[in-house]
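To convert a position in the sequence shown, counted from 1, into the numbering used here, add 15.
Beta carbons: idealized from backbone N, C-alpha and C, even for Gly.
Quick notes on the structure that follows.
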Amino acid sequence: GAKSGSELESAQAKNQALKDAGAVVPTSYEAFETAIKETFQKLV
Numbered sequence: 016g017a018k019s020g021s022e023l024e025s026a027q028a029k030n031q032a033l034k035d036a037g038a039v040v041p042t043s044y045e046a047f048e049t050a051i052k053e054t055f056q057k058l059v
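Here it is in structure tokens:
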């Protein structure tokens, strides 16, 4: 596969691709709990 200029660029590109596909992608590890809670609330 293609190699990006840095790991950060690769992670940002992967996160953006996931968001574009409709996945819930928290902005940081600290935001993970909030993302799960908000997603759960939308589903129930």
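Which of helix, strand or coil DSSP assigns to A38: Looking up residue 38 in the sequence shown gives position 23. Coil, per DSSP.
Presumed contact (8 Å Cβ cut-off) between V39 and T54, rounded CB distance: Along the sequence shown, read from residue 1 onward, the residue named residue 39 stands at position 24. Along the sequence shown, read from residue 1 onward, the residue named residue 54 stands at position 39. Their Cβ separation, rounded to whole angstroms, is 5 Å, which keeps V39 and T54 in contact under 8 Å.
The ligand ATP heavy atom lying under 7 Å from the CB of E45: As presented, the structure is devoid of all ligands, the ligand ATP included, so that no description of it is given.
Extent of the continuous alpha helix (DSSP H) run through A50: Walking along the sequence shown from the start, residue 50 turns up at place 35. Taken as a continuous stretch (DSSP letters only), the alpha helix (DSSP H) holding A50 covers 47-58.
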